[in-house]
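Encoded as structure tokens, the structure appears first; notes follow it.
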Amino acid sequence: MTWVYLIDLFGTCVFAISGVTTAIEKKFDLVGTLVIGFVTAVGGGTLRDLLLGNLPVGWLSNRDYFLAILLGYVLAYIFKAQALEFKKSMFLFDTVGIALFTVLGIETTRKLGMSVEVCLLMGVVSACFGGVLRDTLTNEIPLIFRKEIYATACLAGGMVYLLLATVCPIRAVNIGAAMATVFLIRYFSVRRGWSLRLWV
Amino acid sequence: MTWVYLIDLFGTCVFAISGVTTAIEKKFDLVGTLVIGFVTAVGGGTLRDLLLGNLPVGWLSNRDYFLAILLGYVLAYIFKAQALEFKKSMFLFDTVGIALFTVLGIETTRKLGMSVEVCLLMGVVSACFGGVLRDTLTNEIPLIFRKEIYATACLAGGMVYLLLATVCPIRAVNIGAAMATVFLIRYFSVRRGWSLRLWV
Amino acid sequence: MTWVYLIDLFGTCVFAISGVTTAIEKKFDLVGTLVIGFVTAVGGGTLRDLLLGNLPVGWLSNRDYFLAILLGYVLAYIFKAQALEFKKSMFLFDTVGIALFTVLGIETTRKLGMSVEVCLLMGVVSACFGGVLRDTLTNEIPLIFRKEIYATACLAGGMVYLLLATVCPIRAVNIGAAMATVFLIRYFSVRRGWSLRLWV
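Chains as they are written, first to last, in numbering that gives the first Met the number 0: chain G, 0 to 199; chain Z, 0 to 199; chain P, 0 to 199.
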């Protein structure tokens, strides 16, 4: 049980919380919120594995992910009351989650012998498409396409990871640097209201 | 041609009717209604097979499913006029369909050597995600997340099936008990306005 | 590098333009428009390959598709200003694209030994589902289900192709005839306001 695995489970749990919270706001019932939590948590990695033919998808044979999602499900209902305070911590947790999911997505793809741009693409897909599915199923235009430079942060973090990996053999350092990149870009973009759009 | 296979085709046809009817109400054209009917009928099993890597998906190589869907397509247009009366029968038919789809989804998953919770999950996915895709494509928030305890009924039916299967070797009995469970839960939940939600 | 391959890339580029243009109108940011362009361009073929178990999906190992999509991305922003004039040419280009995608989808499916109706279905899926995903992700009811006889044109073109292929050994002739069929049906349907709907 490495720290990377622990953060992976942590990110899964955080993603589940984000999905369940969104579904509660939309007045879904107990089953609906569970489904949305599940889809948000595993959706990105699932799409990646489908496209790569890496089947059956990994989380099916790992009970830990189920437990992490159930934990997130319970936590979301418990902390629903203190939503505002909670959202600030969630921003931090969520950023940690997408940063690691980007790197893990890249590593999975590279092991299958794919080219650099496919690795980057699959990194972003792993990190972002859980949220896209969450928003599509709750009938929203996916948030990441409009408001935050979420996907860009993942792309930049993925590039940092791949570049560093060519010179530095220590995986922990490369992952750490990628995560820091994602965090800093998201932090400053939200702080200063950055957005990427050419026409209003 | 067993009775299970016949109910399978029957359920496929009923699901197609439900999809086509929804699409007609949304003013889709003849092609659009066919697509939605198709997606509703095979969507759940398709998602299950994708996640499990059980490819190519089964209905591609079975002409009977195509015919069942086309029959549902025609019936939906014919019976559109008597929509109200029709809806009551549809409730019954639909419940029979999801009950059997749950069990068949569980059996497919178990044959691939998956754990009990994955079997249950795939049972619910098989039964419910056709409807989720129907609602997503017609731009609705999926019904099963808001109004009915549809997925819960499938989950309960799936549990009954798996529990019974450990003690009773007669498949027909186990399937029958699971279907009765799904039916009773749905019937009483609609009758008495049950719903599963913690906050309004 | 045959002319079929060139039209394939051309169609990919045109589909990307259509996706990016839609996303710009919805005020997506630079990343969002890229994602929608990507999904529109490869979505149909991806769904076909997923259903058939033809994995990893083909475009992952072909850099040309990435370049065609990036070109479409840039062109969409450049030509955004002259949208109206542009739309007329796009209609022509788009029709060429779906016609070829239908045929290529059929050929891919036939190579995997599928039956005639599965080939036709996969041809239509290849040509149309990129647009369906584009509309679903941008929270619209898919256009092809409501307004144009888009899918019908693909179906007719696919039938022409399969029929001709049984008598004529020259692939270019069969593809050409199928493309002409798709083009004529779409042209006259838009011209004369044809639509396929039984009830208003």
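Glycine residues also receive a C-beta, built at the ideal position from the N, C-alpha and C atoms.
Near residue i, what residues of its chain come up, given a Cβ to Cβ distance below 6 Å and the 5 sequence neighbours on each side ignored?
i	result
I16 of chain P	G71, L74, A75
V41 of chain G	W58
V19 of chain G	T32, G36, Y72, A75
M121 of chain G	R47, G104, T108
P141 of chain P	V131, D134
T165 of chain P	none
When DSSP labels each residue in this structure, what does residue i get in the three-state scheme?
i	result
E139 of chain Z	coil
N53 of chain G	coil
C118 of chain G	helix
T151 of chain P	helix
L132 of chain G	helix
L69 of chain P	helix
M113 of chain Z	coil
C127 of chain G	helix
F92 of chain G	helix
F27 of chain P	coil
V199 of chain Z	With a pLDDT of 38 at V199 of chain Z, under the threshold of 50, the predicted position of this residue should be treated as unreliable, though the coordinate-derived value follows. If DSSP states are grouped into helix, strand and coil, V199 of chain Z belongs with coil.
Quick one: residues in its chain with C-beta nearer than 7 Å to the C-beta of residue i, no 5 flanking neighbours on either side, listed in chain order?
i	result
G43 of chain P	F100, V124, S125, A126, C127, F128, G129
C118 of chain G	I105, T108, R109, L161
I143 of chain P	C127, G130, V131, Y149, A150
T45 of chain Z	V56
T180 of chain G	A155, G156, V159
L136 of chain P	I35, V38
Using the C-alpha atoms, what's the distance from residue j back to residue i?
i	j	result
A176 of chain G	G156 of chain G	8 Å
V56 of chain Z	L50 of chain Z	11 Å
C153 of chain P	A22 of chain Z	20 Å
M89 of chain G	G31 of chain P	23 Å
T94 of chain Z	I77 of chain G	33 Å
A145 of chain Z	Y4 of chain P	Looking at the sequence itself, residue 145 of chain Z is Arg, so the reference to Ala does not match. Each residue's alpha carbon lies about 47 Å from the other.
W2 of chain P	V13 of chain P	16 Å
R47 of chain Z	N53 of chain G	15 Å
F182 of chain P	F65 of chain Z	28 Å
E116 of chain G	I97 of chain G	18 Å
D63 of chain G	L8 of chain G	7 Å
F92 of chain P	L29 of chain P	24 Å
L200 of chain G	K25 of chain G	Outside the shown range of chain G, which is 0 to 199, sits residue 200 of chain G, and nothing can be said about it.
D134 of chain Z	M178 of chain Z	24 Å
N138 of chain G	E139 of chain P	10 Å
K79 of chain P	I6 of chain P	23 Å
T11 of chain G	I169 of chain G	24 Å
L163 of chain P	I68 of chain Z	28 Å
S114 of chain G	F187 of chain P	44 Å
F27 of chain G	N61 of chain G	27 Å
A171 of chain P	V102 of chain P	11 Å
R191 of chain G	R191 of chain P	52 Å
K87 of chain P	K87 of chain Z	48 Å
For the alpha helix (DSSP H) containing residue i, list its first residue and its last residue.
i	result
R145 of chain P	Element bounds for R145 of chain P: n/a, residue is neither H nor E.
W58 of chain G	Careful: W58 of chain G lies outside any alpha helix (DSSP H) and carries neither H nor E.
T20 of chain Z	2-24
L245 of chain P	Given that chain P is displayed from residue 0 to residue 199, the structure contains no residue 245 of chain P and the question cannot be resolved.
Just checking residue i against the ligand MN - is the residue's beta carbon closer than 7 Å to any of the ligand's heavy atoms?
i	result
G52 of chain Z	No copy of the ligand MN appears in this structure; indeed no ligand is present at all.
Taking 8 Å as the limit between beta carbons, can you name the residues of its chain near residue i, skipping five residues before and five after?
i	result
I184 of chain P	I148, T151, A152, A155, G156
C167 of chain G	N173
W198 of chain G	Because W198 of chain G carries a pLDDT of 45, less than 50, the predicted location of this residue cannot be relied on, and the following value inherits that uncertainty. There are no such residues.
(Q) Along the stretch 104-128 of chain P, where does the CB come closer than 7 Å to a CB of chain G? Name the residues. (A) none
Q | Under 8 Å (Cβ pairs) to chain P, residues found in the stretch 153-176 of chain Z | A | none
Q: Note down, in chain order, all residues in the stretch 18-31 of chain Z with a beta-carbon under 8 Å from any beta-carbon belonging to chain P.
A: A22, I23, K25, K26, F27, D28, L29, V30, G31
Q) Given a limit of 7 Å on CB to CB distance, which residues of the stretch 36-49 of chain P reach chain Z? A) L49
Q) Can you list, in chain order, the residues of the stretch 133-152 of chain Z whose Cβ is nearer than 8 Å to any Cβ on chain P? A) T135, L136, T137, N138
Q.
Residues of the stretch 51-70 of chain Z in Cβ contact with chain G at a cutoff of 7 Å, in chain order, please.
A. L51, G52
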